[in-house]
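Since the structure comes first, as structure tokens, the remarks are kept for the end.
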Amino acid sequence: MTDVQNILVINPGSTTTKIAVFENETELFNANIPHDVQELSAFKTIAEQLPLRKKSIEDCLRQKGFDLKQLTAVAGRGGGGLPPVKKGAYLVNEKMVDQLVNHNFSEHASNLGALLAYAFSREIDGIPAFIYDCVAVDELSDLARLSGLPELPRVARCHVLNMRAMALEAAKNLGKKLTDCNVIVSHLGSGITSSVITHGVMEDIVADDEGAYSPERAGRVQCRKLIDLCFSGKHDRFSMTRRVKGQGGLMAYLGTASALEVEARIAKGDAEARLVYEGMAYQTAKDICSLASVVCGKVDAVVLTGAVAYSQMFTHWITERVRFVAPVMVLPGEHELKALALGALRVLRGEEQANLF
Numbered sequence: 131m132t133d134v135q136n137i138l139v140i141n142p143g144s145t146t147t148k149i150a151v152f153e154n155e156t157e158l159f160n161a162n163i164p165h166d167v168q169e170l171s172a173f174k175t176i177a178e179q180l181p182l183r184k185k186s187i188e189d190c191l192r193q194k195g196f197d198l199k200q201l202t203a204v205a206g207r208g209g210g211g212l213p214p215v216k217k218g219a220y221l222v223n224e225k226m227v228d229q230l231v232n233h234n235f236s237e238h239a240s241n242l243g244a245l246l247a248y249a250f251s252r253e254i255d256g257i258p259a260f261i262y263d264c265v266a267v268d269e270l271s272d273l274a275r276l277s278g279l280p281e282l283p284r285v286a287r288c289h290v291l292n293m294r295a296m297a298l299e300a301a302k303n304l305g306k307k308l309t310d311c312n313v314i315v316s317h318l319g320s321g322i323t324s325s326v327i328t329h330g331v332m333e334d335i336v337a338d339d340e341g342a343y344s345p346e347r348a349g350r351v352q353c354r355k356l357i358d359l360c361f362s363g364k365h366d367r368f369s370m371t372r373r374v375k376g377q378g379g380l381m382a383y384l385g386t387a388s389a390l391e392v393e394a395r396i397a398k399g400d401a402e403a404r405l406v407y408e409g410m411a412y413q414t415a416k417d418i419c420s421l422a423s424v425v426c427g428k429v430d431a432v433v434l435t436g437a438v439a440y441s442q443m444f445t446h447w448i449t450e451r452v453r454f455v456a457p458v459m460v461l462p463g464e465h466e467l468k469a470l471a472l473g474a475l476r477v478l479r480g481e482e483q484a485n486l487f
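As structure tokens, then:
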């Protein structure tokens, strides 16, 4: 195995595909490839977008002057379309591809990460394709799995990749190993999820449909009112799903999912925008404090990450409400691309064993 590893990493989003090429630990370049919303809406399933997304990546690499034949591995973000899996790396194989195309548990763009990685690996002399710290990683304790309805056990679906990477960073800042501390992480993005990582294990989470509302998600809503709305005759399964995931949260209240736009409205004196934006912080703080109870309040750090963590206004509101729990570290941004590259690199160097699906 060569000492130089050139790794293409892919993180598909709902309307963009983020990519980067790494030479070992060094990022050579990255790109955020936009997709036409109307063009994407013509596809009935996420998997059908594969050829369009793959071509857009190829075009981007060509414009960057990068030859695909230089690659030694491809890593894609693993999506929630898989059944519960272990943390760490998985080799993408035909069984995983079949699961994501024909039997997936969730129609989310992140499922394309594995499909795209596999498609590129098949073309380039069979180089390995990986996913890492997939959305479907599930380490919930038996207590955390209880929901109140036996037929609806709780499952873990959250921003595992970025959360674990930022928990490792927080532990490093504390001068500790992640296995020696308890860290609560909130990923603040188009969806907001939170988790408590106890000595390296993601013991409990608050998913984007059971906690704070977010720029695009409705979050936790009262069950009886939701049931009434579902059976009101105004919605079918598809439109109701879109209502709570895509058209909820800031979008529902303010007609925008842009935190920057909301803050601009607040700066102009928009009282409703301030109330709704602060309400999102209020609910996120409640999620963090609820997770502190999992470890009896013994929390070493609270981490705020994700794109919305760049908002000093928003993170200040959260910090004011949760700093009694533990010191708050604001580590803004989405670090999935680097986390994918480093995870794949550890496997290529023999420092970590890839799981088989």
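In my numbering, the protein residues as written are 131 to 487. For each residue, glycine too, the CB sits at the ideal point set by N, CA and C.
Coarse secondary structure for residue i, derived from DSSP in three states
{"i": "His-446", "result": "helix"}
{"i": "Val-460", "result": "strand"}
{"i": "Leu-221", "result": "strand"}
{"i": "Ile-343", "result": "Looking at the sequence itself, residue 343 is Tyr, so the reference to Ile does not match. DSSP places Tyr-343 in coil when its eight states are reduced to three."}
{"i": "Met-131", "result": "Below a pLDDT of 50, predicted positions are generally treated as unreliable, and Met-131, at 48, falls in that range; the measurement from the model is reported next regardless. Of the three classes helix, strand and coil, the one that applies to Met-131 here is coil, per DSSP."}
{"i": "Thr-175", "result": "coil"}
{"i": "Lys-355", "result": "helix"}
{"i": "Glu-157", "result": "strand"}
{"i": "Lys-375", "result": "strand"}
{"i": "Ile-187", "result": "helix"}
{"i": "Asn-234", "result": "coil"}
{"i": "Glu-333", "result": "strand"}
{"i": "Ala-203", "result": "strand"}
{"i": "Gly-436", "result": "strand"}
Cβ neighbours of residue i in the same chain (closer than 7 Å, five flanking residues each side left out)
{"i": "Lys-428", "result": "Asn-312"}
{"i": "Arg-183", "result": "Pro-142, Thr-147, Leu-242, Leu-246"}
{"i": "Met-131", "result": "In this prediction, Met-131 scores a pLDDT of 48, lower than 50, which makes its location untrustworthy; the coordinate-derived value is nonetheless stated afterwards. For Met-131, where only same-chain residues beyond five positions count, the Cβ hits under 7 Å are Leu-478."}
{"i": "Ser-277", "result": "Pro-283, Arg-284"}
{"i": "Val-167", "result": "Thr-145"}
Reference residue i; option with closest CA among the options
{"i": "Ile-327", "options": "Val-139, Ala-274, His-233, Gly-210", "result": "Ala-274"}
{"i": "Gln-179", "options": "Ser-325, Val-331, Ala-249", "result": "Ala-249"}
{"i": "Glu-333", "options": "Val-452, Val-231, Leu-270, Thr-445", "result": "Leu-270"}
{"i": "Val-139", "options": "Ser-344, Ala-244, Gly-385", "result": "Ala-244"}
{"i": "Cys-190", "options": "Leu-405, Asn-160, His-238", "result": "Asn-160"}
{"i": "Ile-261", "options": "Lys-364, Arg-476, Gly-208", "result": "Gly-208"}
{"i": "His-238", "options": "Phe-173, Lys-194, Phe-196, Val-222", "result": "Phe-173"}
{"i": "Lys-216", "options": "Glu-481, Val-331, Leu-461, Tyr-440", "result": "Val-331"}
{"i": "Val-425", "options": "Ser-325, Ser-251, Glu-169", "result": "Ser-325"}
{"i": "Asn-234", "options": "Gly-385, Leu-405, Pro-213", "result": "Pro-213"}
Sub-7 Å separation of residue i and residue j beta-carbons
{"i": "Ala-342", "j": "Gln-413", "result": "yes"}
{"i": "His-465", "j": "Asn-292", "result": "yes"}
{"i": "Thr-492", "j": "His-317", "result": "Absent from the model: residue 492. The displayed extent of the chain is 131 to 487, so no value can be given."}
{"i": "Ala-387", "j": "Ile-396", "result": "no"}
{"i": "Arg-287", "j": "Gly-211", "result": "no"}
{"i": "Asp-255", "j": "Arg-294", "result": "no"}
Residues near residue i by beta carbon distance below 8 Å, same chain, minus five either side
{"i": "Ser-420", "result": "Val-336"}
{"i": "Val-455", "result": "Ile-314, Ile-418, Cys-419, Ala-422, Gly-427, Val-429, Val-432"}
{"i": "Asp-339", "result": "Arg-347, Ala-348, Gly-349, Arg-350, Val-374, Lys-375"}
{"i": "Thr-156", "result": "none"}
Same chain, Cβ closer than 6 Å to residue i, five either side skipped, listed in chain order
{"i": "Lys-225", "result": "Phe-487"}
{"i": "Asn-136", "result": "Glu-153, Gln-200, Leu-201, Thr-202"}
{"i": "Val-231", "result": "Ala-177"}
{"i": "Pro-345", "result": "Ser-320, Gly-379, Leu-380, Ala-387"}
{"i": "Ala-389", "result": "Val-438, Ser-441"}
Cβ-Cβ separation, residue j to residue i (assumed contact under 8 Å), whole Å
{"i": "Val-204", "j": "Ile-257", "result": "7 Å"}
{"i": "Met-459", "j": "Asn-303", "result": "6 Å"}
{"i": "Gly-473", "j": "Ala-219", "result": "6 Å"}
{"i": "Ala-484", "j": "Ile-448", "result": "Between Ile-448 and Ala-484 the Cβ distance is about 36 Å, and since that is not below 8 Å, they are no contact."}
{"i": "Leu-467", "j": "Ala-259", "result": "About 16 Å separates the two Cβ atoms, so there is no contact after all."}
{"i": "Tyr-407", "j": "Phe-368", "result": "Rounded, the Cβ-Cβ distance is 29 Å, inconsistent with contact."}
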